[in-house]
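K.L.:
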Amino acid sequence: MLMSKEVDAIRNIVTEHTQWRGACLNLIASENVVSMAVKEMLISDLGNRYAIGFLHNRFYSGTKYIDELEGITTDLARRVFDAEHVNYVPISGTMANLVLFNSMTAPGDVVTALSVIDGGHASFRECSKIHGVSLVPLPFSMEEMNIDVGEAEKVIARIKPRIVLLGASEILFPHPIKEIRRIADETGAIVAYDSAHVLGLIAGKTFQDPLREGAEIVTGSTHKTFFGPQGGIILCKGRYAKEIDNAAWQLVNNHHVHRVAGLSVALAEFLAFGREYAAQVVSNARRLAEELFNMGIPVLGEKNGFTRSHQVIFRARNNNGDATAKRLEEANIITTKTPLPTDKTEEECSGVRLGTQEVTRLGMKEDDMVEIAKLIKRVAADRENPSSVREDVRKLISQFMTVKYSFGEGDEAYKYISI
Ligand SMILES: Cc1ncc(COP(=O)(O)O)c(C=O)c1O
Numbered sequence: 018m019l020m021s022k023e024v025d026a027i028r029n030i031v032t033e034h035t036q037w038r039g040a041c042l043n044l045i046a047s048e049n050v051v052s053m054a055v056k057e058m059l060i061s062d063l064g065n066r067y068a069i070g071f072l073h074n075r076f077y078s079g080t081k082y083i084d085e086l087e088g089i090t091t092d093l094a095r096r097v098f099d100a101e102h103v104n105y106v107p108i109s110g111t112m113a114n115l116v117l118f119n120s121m122t123a124p125g126d127v128v129t130a131l132s133v134i135d136g137g138h139a140s141f142r143e144c145s146k147i148h149g150v151s152l153v154p155l156p157f158s159m160e161e162m163n164i165d166v167g168e169a170e171k172v173i174a175r176i177k178p179r180i181v182l183l184g185a186s187e188i189l190f191p192h193p194i195k196e197i198r199r200i201a202d203e204t205g206a207i208v209a210y211d212s213a214h215v216l217g218l219i220a221g222k223t224f225q226d227p228l229r230e231g232a233e234i235v236t237g238s239t240h241k242t243f244f245g246p247q248g249g250i251i252l253c254k255g256r257y258a259k260e261i262d263n264a265a266w267q268l269v270n271n272h273h274v275h276r277v278a279g280l281s282v283a284l285a286e287f288l289a290f291g292r293e294y295a296a297q298v299v300s301n302a303r304r305l306a307e308e309l310f311n312m313g314i315p316v317l318g319e320k321n322g323f324t325r326s327h328q329v330i331f332r333a334r335n336n337n338g339d340a341t342a343k344r345l346e347e348a349n350i351i352t353t354k355t356p357l358p359t360d361k362t363e364e365e366c367s368g369v370r371l372g373t374q375e376v377t378r379l380g381m382k383e384d385d386m387v388e389i390a391k392l393i394k395r396v397a398a399d400r401e402n403p404s405s406v407r408e409d410v411r412k413l414i415s416q417f418m419t420v421k422y423s424f425g426e427g428d429e430a431y432k433y434i435s436i
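So this is what it looks like as structure tokens:
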């Protein structure tokens, strides 16, 4: 067999990466692990194919099985989200936001959404730039760790936005969709909700239910709390279906059909296991936050019980989230530095954000959160040498190596699959 130095080197890197992350406590709030059935879809022939256009109305031939697959995907997604219309053409949450801005705004319009410092996502700003839209920050209350409805009412009345975009990257508590809907109705704004982080909680019928609470269009990522392949999705009222579908296929063009097959499998997994999983994710986050707080770590959101999502956010030692996240990584505890509302610039990152969704998918429960809190405290507060904590991290995670809440119980979560 012909050998290539480069291919061997690439294999080694990816194998080492997989082994390393399998020995880590993966607490990034925007990642997850997929089941073996989802992985199988991702390496199928579908990854080599195009299916440009609409269901049963494609530009290329060769799509009869893809149409069959997408019929099932649409049906599953409508059932999981109870949505009038679903579009899974965007290949990421950012792309889903781009489709929202492109289809619903015109140059010169105004959109209001949270700024990055208050938890908003950079895509809000970048999507507005592309389309010549002005973006006005939605007021935020640090005490509540939520949108300030009173102040938002004044802003919305003044700027008369085309869209009020709710949802965020740092999202501890349900956003006040009903209240904002009432305010937006006064000026005729569309209420949209970016569910990138919390899509899996919504699918699991916890946290909040944007479409029923007053959002008309919901964008999201399919790989954070929702444990599908990396991708994007839009859920909306039927009256927006045509504009969303047209913008999505024009902007995305090739929507990566292997990802759609993986998404179908994950949707079926959510129908069967979603409620149990989502409830455990939130319960774990709450327990982790309480333990950290009781150990003296300044966890945000105390007034409202720290969290109702998968996220826990704490102020880092010396307000240096970057240094804390780096020390934690040396101990194989993988987290994200994050800006806090008190930071002057988004680069300051005084905080650290944790997410419980991946460890929950591996089967961890509340008692395991107590162990995680102790490990974090040893590195982030007690200043213990991270390398001495690493072995204890490995011992804890080694008990949780398979994917739960799936049809293939026993699937290894961090297996490098060589073919
Ligand atoms: C609120 C929000 N919207 C959009 C995105 C972008 O999602 P993706 O990474 O799938 O492009 C993120 C990513 O973290 C996010 O937090």
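Residues 18 to 436 in our numbering are what the sequence shown spells out, letter by letter. No residue lacks a Cβ here, since even glycine has one placed at the ideal position from N, Cα and C. Quick caveat: nothing in here was measured; it's all calculated off a predicted structure.
#1: Please confirm whether residue 182 and residue 220 have their CB atoms less than 9 Å apart.
#2: Classify residue 328: buried if its beta carbon has 16 or more other beta carbons within 10 angstroms, exposed otherwise.
#3: Is it the case that the region 184-191 contacts the region 254-270, given that we only count it when at least three CB pairs across the two stretches are under 8 Å?
#4: How big is the Cα-Cα spacing for residue 27 and residue 429?
#5: Residue 217 by DSSP, collapsed to three states: which one?
#6: Going by beta carbon distance, what residues of the same chain come within less than 7 Å of residue 130, once the five residues before and after it are set aside?
#7: For ligand 1, I want to know if residue 249 counts as a neighbour, meaning its beta carbon is within less than 8 Å of at least one of the ligand's heavy atoms.
#8: What separation, rounded to the nearest whole angstrom, lies between the Cα atoms of residue 344 and residue 333?
#9: With DSSP as the reference, label residue 402 as helix, strand or coil.
#10: Residue 253 bridges to which residues according to DSSP?
#11: Got a sec, what are the start and stop residues for the beta strand (DSSP E) residue 354 sits in?
#12: Whether or not the region 89-103 and the region 249-256 are in contact is what I'm after, with contact meaning three or more pairs of Cβ atoms, one per stretch, closer than 8 Å; do they touch?
#13: Within the same chain, show all residues whose beta-carbon is closer than 6 Å to that of residue 120, passing over the 5 residues directly before and after it, in chain order.
#14: Between the alpha carbons of residue 266 and residue 335, how many angstroms are there, rounded?
#15: Shorter than 8 Å, the distance from the beta carbon of residue 213 to the closest heavy atom of ligand 1, or not?
#16: Would you report the Cα separation of residue 214 and residue 70, rounded to the nearest angstrom?
#17: When you measure from the CB of residue 273 to every non-hydrogen atom of ligand 1, does any distance come out below 8 Å?
#18: Over the uninterrupted beta strand (DSSP E) stretch that includes residue 328, give me the two end residues.
P.N.:
Concretely, from the data shown:
#1: No, the Cβ-Cβ distance between residue 182 and residue 220 is not below 9 Å.
#2: buried
#3: no
#4: 22 Å
#5: helix
#6: Taken in chain order, the residues that qualify are 137, 141, 152, 155, 182.
#7: Because some heavy atom of ligand 1 lies under 8 Å away, the Cβ of residue 249 counts as near it: yes.
#8: Inter-residue distance for residue 344 and residue 333 is about 11 Å (C-alpha atoms, whole angstroms).
#9: It is coil, neither helix nor strand.
#10: Partner(s): 102, 234.
#11: 353-355
#12: The region 249-256 vs the region 89-103: in contact.
#13: 260, 261, 264
#14: If I take the Cα positions, the gap works out to 47 Å.
#15: yes
#16: 28 Å
#17: no
#18: 328-332
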